[in-house]
Every structure is written in structure tokens, then in C-alpha cells.
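S.K.: First the structure, then my questions, so here it is.
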Amino acid sequence: MTDTELLEAIKAIIKRGNDAEVRRKGDGCIVLEVKKTIKYSSSG
């Protein structure tokens, strides 16, 4: 994956409103889309 492909993937994830996480894998890297959902919120 080249740097431009990496940045495009990250931009697409952020545009959807999610967080992007970049990790090393072997001698390359992977981009993960992190979705966090609020299941419960106290009124405080």
C-alpha cells in the first residue's frame, strides 16, 4: 500500500465519522476503521 492509498483510506474513514487506526503488520501496515457505539449513558 503506497502512502497515497493509505491517506485516501484514512480520509474515507474519517469522512464517514469514524476513527482510523494504523497498525504495523509484518513489513507493511494496515488501516482499521474503529466504530464506537454508545450503549448506555447516565444522565449526569
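Residue numbering for the sequence shown follows my numbering, beginning at 59 and increasing consecutively. A virtual CB, placed ideally from N, CA and C, is assigned to each residue, including glycine.
Going by DSSP in three states, residue 69 sits in which element: helix, strand or coil?
M.R.: Working through the sequence shown from its first residue, we reach residue 69 at position 11. Helix at residue 69.
S.K.: Between the C-alpha atoms of residue 82 and residue 97, what's the straight-line distance to the nearest angstrom?
M.R.: Counting from one through the sequence shown, the residue named residue 82 turns up at place 24. Counting from one through the sequence shown, the residue named residue 97 turns up at place 39. One C-alpha to the other measures close to 30 Å.
S.K.: Run through the DSSP bridge pairs and tell me what residue 86 is partnered with.
M.R.: Counting from 1 along the sequence shown, the entry for residue 86 is found at position 28. For residue 86, which the question treats as bridged, DSSP gives the partners 83.
S.K.: For residue 71, collect the residues of the same chain with a Cβ closer than 6 Å to its Cβ; drop the 5 residues on either side in sequence, then sort them by chain order.
M.R.: Walking along the sequence shown from the start, residue 71 turns up at place 13. 78, 91, listed in sequence order.
S.K.: Could you pull the DSSP bridge partners for residue 77 from this structure?
M.R.: Within the sequence shown, the letter at position 19 stands for residue 77. BP columns for residue 77 point to 92.
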